[in-house]
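Report on the structure given below.
2 protein chains.
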Amino acid sequence: MIEVNGDRPIKVALLGCGNVGSQVARLLLESPDDLAARVGAPVQLMGIGVRHPDAERPGIDPVLFTKDSEALVRSGVDVVIEVIGGIEPAKSLLLAAFASGASVVTANKALLAAHGQELYAAAERAGVDIYFEAAVAGAIPIIRPLRESLVGDEITTVMGIVNGTTNFILDKMTTDHLSFSEALAEAQELGYAEADPTADVEGYDAAAKASILASLAFHTEIAGADVHREGITTITVEDIESARAQGFVIKLLAVATLSGDREDSVSVRVHPTMLPESHPLASVRGAYNAVFVESRNAGRLMFLGPGAGGSPTASAVMGDLVTIARNRVRGTHGPAMSTYRRYGIAPIEDARTSYYITMQVKDEPGVLARIASVFAKHEVSILAVRQTMDDEGHARLGIMTHVARDAEFTDTVSEIRTMTSAISGRIRLIRVEGR
Amino acid sequence: MIEVNGDRPIKVALLGCGNVGSQVARLLLESPDDLAARVGAPVQLMGIGVRHPDAERPGIDPVLFTKDSEALVRSGVDVVIEVIGGIEPAKSLLLAAFASGASVVTANKALLAAHGQELYAAAERAGVDIYFEAAVAGAIPIIRPLRESLVGDEITTVMGIVNGTTNFILDKMTTDHLSFSEALAEAQELGYAEADPTADVEGYDAAAKASILASLAFHTEIAGADVHREGITTITVEDIESARAQGFVIKLLAVATLSGDREDSVSVRVHPTMLPESHPLASVRGAYNAVFVESRNAGRLMFLGPGAGGSPTASAVMGDLVTIARNRVRGTHGPAMSTYRRYGIAPIEDARTSYYITMQVKDEPGVLARIASVFAKHEVSILAVRQTMDDEGHARLGIMTHVARDAEFTDTVSEIRTMTSAISGRIRLIRVEGR
Chain Y
0 MIEVNGDRPI KVALLGCGNV GSQVARLLLE SPDDLAARVG APVQLMGIGV
50 RHPDAERPGI DPVLFTKDSE ALVRSGVDVV IEVIGGIEPA KSLLLAAFAS
100 GASVVTANKA LLAAHGQELY AAAERAGVDI YFEAAVAGAI PIIRPLRESL
150 VGDEITTVMG IVNGTTNFIL DKMTTDHLSF SEALAEAQEL GYAEADPTAD
200 VEGYDAAAKA SILASLAFHT EIAGADVHRE GITTITVEDI ESARAQGFVI
250 KLLAVATLSG DREDSVSVRV HPTMLPESHP LASVRGAYNA VFVESRNAGR
300 LMFLGPGAGG SPTASAVMGD LVTIARNRVR GTHGPAMSTY RRYGIAPIED
350 ARTSYYITMQ VKDEPGVLAR IASVFAKHEV SILAVRQTMD DEGHARLGIM
400 THVARDAEFT DTVSEIRTMT SAISGRIRLI RVEGR
Chain D
0 MIEVNGDRPI KVALLGCGNV GSQVARLLLE SPDDLAARVG APVQLMGIGV
50 RHPDAERPGI DPVLFTKDSE ALVRSGVDVV IEVIGGIEPA KSLLLAAFAS
100 GASVVTANKA LLAAHGQELY AAAERAGVDI YFEAAVAGAI PIIRPLRESL
150 VGDEITTVMG IVNGTTNFIL DKMTTDHLSF SEALAEAQEL GYAEADPTAD
200 VEGYDAAAKA SILASLAFHT EIAGADVHRE GITTITVEDI ESARAQGFVI
250 KLLAVATLSG DREDSVSVRV HPTMLPESHP LASVRGAYNA VFVESRNAGR
300 LMFLGPGAGG SPTASAVMGD LVTIARNRVR GTHGPAMSTY RRYGIAPIED
350 ARTSYYITMQ VKDEPGVLAR IASVFAKHEV SILAVRQTMD DEGHARLGIM
400 THVARDAEFT DTVSEIRTMT SAISGRIRLI RVEGR
């Protein structure tokens with residue numbers, strides 16, 4: 000139905016030419032006729048801003064490369080694609096793009112988590128688009144479904160495996176019984192983890208994505224820094240085995256939920272989580288990502304796919320580019336971000352989940368009764384108890400609770416820690432979702 | 000970011016007030032402030048076109064109902080929501096809507112499968128929108144991801160469980176060992192199947208959805224009537240048991256794939272399919288739907304959720320309504336359908352899949368060799384063979400093939416049917432995907 004309007008090409012600037020950028024360049028250059036037919040006008044790559052324009056990059060005309068990204072952005076292009084990552088110079092370049100009337104496609108979750116509201120406002124003032132499907136969960140269409148498909152519904156929970164590195168590591172620990180550091184080393188060898196893995200394994204990356212998903216789902220402003228964050232570095236093979244014995248797996252989850260104690264607050268958090276093996280997210284393997292959405296009317300939805308990688312991320316970027324270019328051809332832009340609500344983030348103390356706690360106990364009469372009475376005192380209901388003997392003949396107690404406030408649970412555990420006549424060694428605890 | 004523009008409300012007409020329509024009406028009426036904030040203007044339900052305006056419908060002001068849907072559609076509304084179903088009067092009403100400058104949200108897969116191109120063209124001529132997220136897979140966002148998120152990629156396969164009724168029936172047959180007719184009766188009792196279940200169990204409904212998905216995925220025009228279609232009425236508990244013994248489940252799948260023998264043709268078909276238990280679609284239970292998408296760059300994606308029901312379908316309708324209303328507020332409309340390619344549908348003889356064939360054979364030397372030689376003659380490679388004794392002491396042979404053209408397989412089976420000295424009873428055969 001779309002007829003190519005040959006009048007004026009849509010001019011595109013690409014910022015960054017690494018793993019993702021080189022794939023975006025390939026897709027921009029390899030099928031110009033298909034791209035033109037889908038957009039309704041030819042799409043022309045005007046230049047690629049890089050730090051080292053003279054580096055060898057096979058398959059791309061060297062004349063396209065420039066060190067002066069700012070000049071490229073201000074050269075009258077229609078769309079700026081930013082795949083540099085990090086806060087600066089990305090932020091200044093995007094603000095310059097908006098000031099020059101260009102729309103933006105970005106894959107930069109860290110930037111959006113830190114300065115999203117400023118960027119969205121700048122785009123809206125300029126009457127241009129900012130799209131960022133690639134910023135969360137790679138190629139999985141999740142931004143558009145939240146921003147448009149579910150915009151007539153009330154989302155109550157978004158819960159996802161949004162960091163492929165940690166999912167790969169936990170999967171390796173589960174399947175091959177590797178320790179955390181062995182699994183991390185393997186992830187680094189395979190290129191799934193960076194030399195400095197902090198952003199992934201400490202949950203910063205997942206927290207940035209959680210803030211973006213929560214902002215969209217709940218029509219409010221949530222920054223990455225506001226997200227409660229616990230990483231996976233302390234998870235042991237024993238934790239995983241102990242979860243497995245209960246029919247659970249351990250995943251690093253980003254969780255955003257409306258169902259707090261107060262109507263006007265949301266709980267947004269990233270932490271290792273026990274999930275029942277039957278939960279749709281439990282079977283997400285390796286470097287895959289998945290996002291689970293629960294809403295009042297649509298019910299339970301799940302989106303699954305590759306969470307990272309050059310080609311998948313480039314696919315998401317290209318979808319946004321075509322959407323923006325189509326808008327340009329029709330002389331319009333998409334809807335602005337919907338953040339009309341002013342929800343606060345509930346403190347982690349108010350989060351409501353179940354917990355699984357394991358501890359080594361003295362194998363003598365009355366110990367279980369004493370521990371159970373501490374749970375009762377803090378009004379934390381016990382769902383299941385499991386006592387086993389470990390290889391050294393110590394009694395280990397595993398307690399799964401009903402849903403409780405985090406604060407009550409923390410108080411319970413603090414009190415149990417003081418009971419040195421009943422317990423010995425460390426108390427291990429992990430949240431449980433999806434029961 | 001969006002500020003409500005109080006100037007002019009977005010006027011909405013609703014056609015139909017059954018299972019879906021009554022939920023749409025509820026959502027239109029229950030949170031006007033949220034709706035206005037998301038759209039950027041108030042949304043006003045102007046009337047509901049129904050056959051029996053005097054029927055009792057609690058919670059909706061009786062003054063809204065009218066028998067004269069045509070007058071309602073032509074009364075200057077901005078958006079017409081059509082949830083009547085069927086070809087007429089829905090088609091004439093939508094054409095009247097476009098002629099009056101109204102955009103359309105429809106959940107009518109039968110209408111789109113039969114007359115989609117005419118409707119898309121009429122919308123484009125009028126410069127208005129037609130959105131139809133609810134037409135395929137209920138609340139699962141699949142239309143928007145195909146139409147926008149993946150529009151910069153090359154989709155190679157779309158494969159889905161898009162009919163909840165048949166999935167419920169097959170699931171019941173698998174889990175509770177019911178016969179087809181027993182499972183159908185239970186589906187009818189629970190309201191999952193109609194009194195006349197033909198559209199579901201014979202695959203017409205799935206074929207309509209397959210044509211819509213294939214048109215979007217491959218940027219071409221495919222009508223529901225062009226889709227090869229086989230239903231589930233002949234599937235027996237024995238077929239399901241025999242599949243299970245191989246580690247497979249049987250699902251009614253809609254399959255659309257580019258990977259035919261010719262570059263400019265697509266294979267679009269609906270048939271019972273054996274899927275390995277490890278395939279993401281295999282674990283889709285009950286009345287849930289799921290769509291699996293494979294593309295050159297994004298890789299393998301899956302979308303899962305409730306496939307039908309009043310509230311889920313209404314959620315999808317409301318997402319489309321908000322999108323269209325936002326476009327109206329900004330004086331624009333979304334992109335037209337992208338059908339710039341002229342792909343044909345490959346005949347079913349050219350479809351390439353694996354097959355599983357079971358037959359009762361004479362338990363005597365040389366029978367397997369004779370049967371295997373027929374496969375070899377037609378160049379159908381055998382992947383696995385399994386011979387068992389049934390309860391009556393008959394030898395049953397199960398053969399799984401490698402991927403082959405449908406035509407070669409049909410020839411093979413025709414020849415084996417003539418071998419009455421080697422086989423007895425019926426030959427059962429079923430396609431295999433996702434290995």
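Chains Y and D are the protein sequences, given in the same order.
Position one of the first sequence corresponds to residue 0 (numbering that gives the first Met the number 0), numbered consecutively onward.
Position one of the second sequence corresponds to residue 0 (numbering that gives the first Met the number 0), numbered consecutively onward.
Cβ atoms here follow ideal geometry from the backbone N, Cα and C, with glycine treated the same way.
#### Entry: Cβ pair count under 8 Å reaching 3, the segment 321 to 329 of chain Y against the segment 72 to 79 of chain Y
yes
### Task
Express the C-alpha separation of Y/G298 and Y/R434 in angstroms, rounding to a whole number.
Position 435 of the first sequence, counting from 1, holds the residue named residue 434 of chain Y. Position 299 of the first sequence, counting from 1, holds the residue named residue 298 of chain Y. Rounded to the nearest angstrom, the two C-alpha atoms are 16 Å apart.
### Task
Less than 8 Å between the CB atoms is what I'm expecting for Y/P305 and Y/A133, so what's the real figure, rounded?
By one-based count along the first sequence, residue 305 of chain Y stands at place 306. By one-based count along the first sequence, residue 133 of chain Y stands at place 134. About 12 Å; that fails the 8 Å criterion.
### Task
Out of Y/L71, Y/R50 and Y/G333, state which residue places its alpha-carbon closest to the alpha-carbon of D/V38.
By one-based count along the second sequence, residue 38 of chain D stands at place 39. When only C-alpha atoms are compared, the closest one is Y/G333.
### Task
Could you spell out where the beta strand (DSSP E) holding Y/F302 opens and where it closes?
Counted from its first residue, the first sequence places residue 302 of chain Y at position 303. Start and end: G298 to P305.
#### Entry: Under 9 Å by beta carbon: chain D residues contacting Y/L8
As a working note, residue 8 of chain Y is residue 9 in the first sequence. First, the amino acid is wrong: residue 8 of chain Y is Pro here, not Leu. By Cβ distance, chain D contributes nothing, its closest Cβ being about 16 Å from Y/P8, past 9 Å.
### Query
Rounded C-beta distance between D/T338 and D/E262? I'm assuming under 8 Å.
Numbered from its first residue, the second sequence carries residue 338 of chain D at position 339. Numbered from its first residue, the second sequence carries residue 262 of chain D at position 263. That pair is no contact at about 18 Å.
### Query
Is the shortest distance between the beta-carbon of D/S310 and the beta-carbons of chain Y less than 8 Å?
For the purposes of this step, residue 310 of chain D is taken as the residue at position 311 of the second sequence. At least one chain Y Cβ lies under 8 Å of D/S310.
### Query
the ligand MN heavy atoms versus the CB of D/E147: any closer than 7 Å?
As for the ligand MN, it is missing from this structure, which has no ligand bound.
### Message
On the DSSP letters alone, give me the boundaries of the alpha helix (DSSP H) that Y/L26 sits inside.
### Response
What you label residue 26 of chain Y is simply residue 27 of the first sequence in a count that begins at 1. That run of the alpha helix (DSSP H) goes N18 to E29.
### Query
Using the beta-carbon of each residue, which ones in chain D are nearer than 7 Å to Y/R139?
Within the first sequence, the letter at position 140 stands for residue 139 of chain Y. According to the sequence as given, residue 139 of chain Y is Ile; it is not Arg. Going along chain D in sequence order, the residues near Y/I139 (Cβ under 7 Å) are L300.
### Task
Check whether the Cβ atoms of D/Y355 and D/M399 sit closer than 8 Å, and answer yes or no.
In the second sequence, counting from the first residue as 1, residue 355 of chain D sits at position 356. In the second sequence, counting from the first residue as 1, residue 399 of chain D sits at position 400. In this structure, D/Y355 lies near D/M399, with their beta-carbon atoms less than 8 Å apart.
### Query
Would Y/T158 count as contacting chain D if we go by Cβ distances under 8 Å?
Stepping through the first sequence from its first residue, residue 158 of chain Y is reached at position 159. Here the sequence assigns Met to residue 158 of chain Y, which means Thr is not the residue at that position. Closer than 8 Å: no.
### Query
Can you list the residues of chain D that Y/A36 reaches, using a CB-CB cut of under 9 Å?
Along the first sequence, read from residue 1 onward, the residue named residue 36 of chain Y stands at position 37. Residues of chain D passing the Cβ test: H218, S337, Y339 and R340.
### Counted within 10 angstroms of its Cβ, other Cβ atoms place Y/L189 as buried (16 or more) or exposed
If you number the first sequence from 1, residue 189 of chain Y lands on position 190. Counting Cβ neighbours within 10 Å, Y/L189 comes out exposed, since fewer than 16 surround it.
### Message
I want to know whether the segment 67 to 74 of chain D touches the segment 83 to 96 of chain D - three or more CB-CB distances under 8 Å.
### Response
Yes, since at least three Cβ pairs between the segment 67 to 74 of chain D and the segment 83 to 96 of chain D fall closer than 8 Å, the two stretches touch.
### Minimum C-alpha distance to D/Q449 - residue among D/F131, D/G308 and D/T331
Nothing about residue 449 of chain D can be read from this structure; chain D reaches only from 0 to 434.
### Task
Use the C-beta contact count for Y/S277: other C-beta atoms within 10 angstroms, 16 or more gives buried, fewer gives exposed.
Counting from 1 along the first sequence, the entry for residue 277 of chain Y is found at position 278. With fewer than 16 other Cβ atoms within 10 Å, it is exposed.
### Task
Please state whether DSSP places Y/Y342 in a helix, a strand or coil.
In the first sequence, the residue the question calls residue 342 of chain Y occupies position 343. If DSSP states are grouped into helix, strand and coil, Y/Y342 belongs with coil.
### Query
Secondary structure at D/L189, three-state DSSP: helix, strand or coil?
In the second sequence, residue 189 of chain D corresponds to position 190, counting from 1. Look at D/L189 here: in three-state DSSP terms it is coil, with no helix or strand label.
### Task
Closer than 7 Å by beta-carbon distance: list the chain Y residues that pair up with D/G325, in chain order.
By one-based count along the second sequence, residue 325 of chain D stands at place 326. The residue you asked about is not Gly; residue 325 of chain D is Arg in the sequence shown. The contacting residues are P334.
#### Entry: Sub-8 Å separation of D/S266 and D/D349 beta-carbons
Translated into the one-based positions of the second sequence, residue 266 of chain D becomes position 267. Translated into the one-based positions of the second sequence, residue 349 of chain D becomes position 350. The answer is yes: Cβ separation under 8 Å.
#### Entry: Which listed residue (Y/T156, Y/R50 and Y/V379) has its alpha carbon closest to that of Y/S264
For this step, residue 264 of chain Y is matched to residue 265 along the first sequence. Of the candidates Y/T156, Y/R50 and Y/V379, the one whose C-alpha sits nearest the C-alpha of Y/S264 is Y/T156.
### Message
Give me, in chain order, the residues of the same chain whose beta-carbon lies closer than 6 Å to that of D/N296; leave out the 5 immediate sequence neighbours on both sides.
### Response
By 1-based counting over the second sequence, the position of residue 296 of chain D is 297. Excluding sequence neighbours, D/N296 sits near D152.
### Query
Residue range of the alpha helix (DSSP H) that D/H270 falls in?
Position 271 of the second sequence, counted from the start, is the residue given in the question as residue 270 of chain D. Counting along the chain, D/H270 falls outside any alpha helix (DSSP H), though it belongs to the beta strand (DSSP E) covering S264 to P275.
### Exposure label - Y/I1; buried when at least 16 CB within 10 Å
As a first step, residue 1 of chain Y must be located in the first sequence, where it is residue number 2. Its pLDDT being 34, under 50, Y/I1 is placed unreliably by the model, and the measurement read from it follows with that caveat. Its Cβ being crowded by 16 or more others within 10 Å, Y/I1 is buried.
### Query
In the DSSP assignment, what residue or residues form a beta bridge with D/E220?
One-based indexing of the second sequence puts residue 220 of chain D at position 221. DSSP lists no partner for D/E220.
### Backbone CA spacing between Y/S353 and D/A224 [nearest angstrom]
Taking the first residue of the first sequence as 1, we reach residue 353 of chain Y at position 354. Taking the first residue of the second sequence as 1, we reach residue 224 of chain D at position 225. About 51 Å.
### Message
Between Y/V384, Y/L118, Y/I347 and Y/G20, which has its C-alpha nearest Y/A403's C-alpha?
### Response
Working through the first sequence from its first residue, we reach residue 403 of chain Y at position 404. Comparing Cα-Cα distances from Y/A403 to each of Y/V384, Y/L118, Y/I347 and Y/G20, the minimum goes to Y/I347.
### Message
Can you pull the chain D neighbours of Y/T164, defined as C-beta to C-beta under 8 Å?
### Response
Mapped onto the first sequence, residue 164 of chain Y falls at position 165. Ordered by position in chain D, no residue passes the 8 Å Cβ test against Y/T164, which lies about 17 Å from the chain.
### Task
Please report the Cβ distance between D/V127 and D/S102, rounded to the nearest whole angstrom; I am assuming they are in contact, meaning their Cβ atoms lie under 8 Å.
Taking the first residue of the second sequence as position 1, residue 127 of chain D is located at position 128. Taking the first residue of the second sequence as position 1, residue 102 of chain D is located at position 103. Contact flag correct, Cβ pair sits at about 4 Å.
### Task
Spatial neighbours of Y/A313 within its chain, please: CB distance less than 7 Å, with the 5 preceding and 5 following residues excluded, ordered by chain position.
Here residue 313 of chain Y corresponds to residue number 314 of the first sequence, with the count starting at 1. Closer than 7 Å at the Cβ level, and outside the excluded window around Y/A313, lie V19, Q22, V23 and L26.
### Task
Starting from the Cα of D/D204, find the closest Cα among D/A213, D/T165, D/D238 and D/P364 and give me that residue.
Against the second sequence, residue 204 of chain D aligns to sequence position 205. Out of D/A213, D/T165, D/D238 and D/P364, D/T165 has the C-alpha closest to the C-alpha of D/D204.
#### Entry: Backbone CA spacing between Y/D6 and Y/V62 [nearest angstrom]
What you label residue 6 of chain Y is simply residue 7 of the first sequence in a count that begins at 1. What you label residue 62 of chain Y is simply residue 63 of the first sequence in a count that begins at 1. For Y/D6 and Y/V62, the distance between alpha carbons rounds to 25 Å.
### Task
Can you say whether D/E55 is buried or exposed, counting buried as having 16 or more other CB atoms within 10 angstroms of its CB?
Counting from 1 along the second sequence, the entry for residue 55 of chain D is found at position 56. Label assigned to D/E55: exposed.
### Query
What's the gap between the Cα of D/V290 and the Cα of D/L303?
The count along the second sequence starts at 1 and reaches residue 290 of chain D at position 291. The count along the second sequence starts at 1 and reaches residue 303 of chain D at position 304. For D/V290 and D/L303, the distance between alpha carbons rounds to 7 Å.
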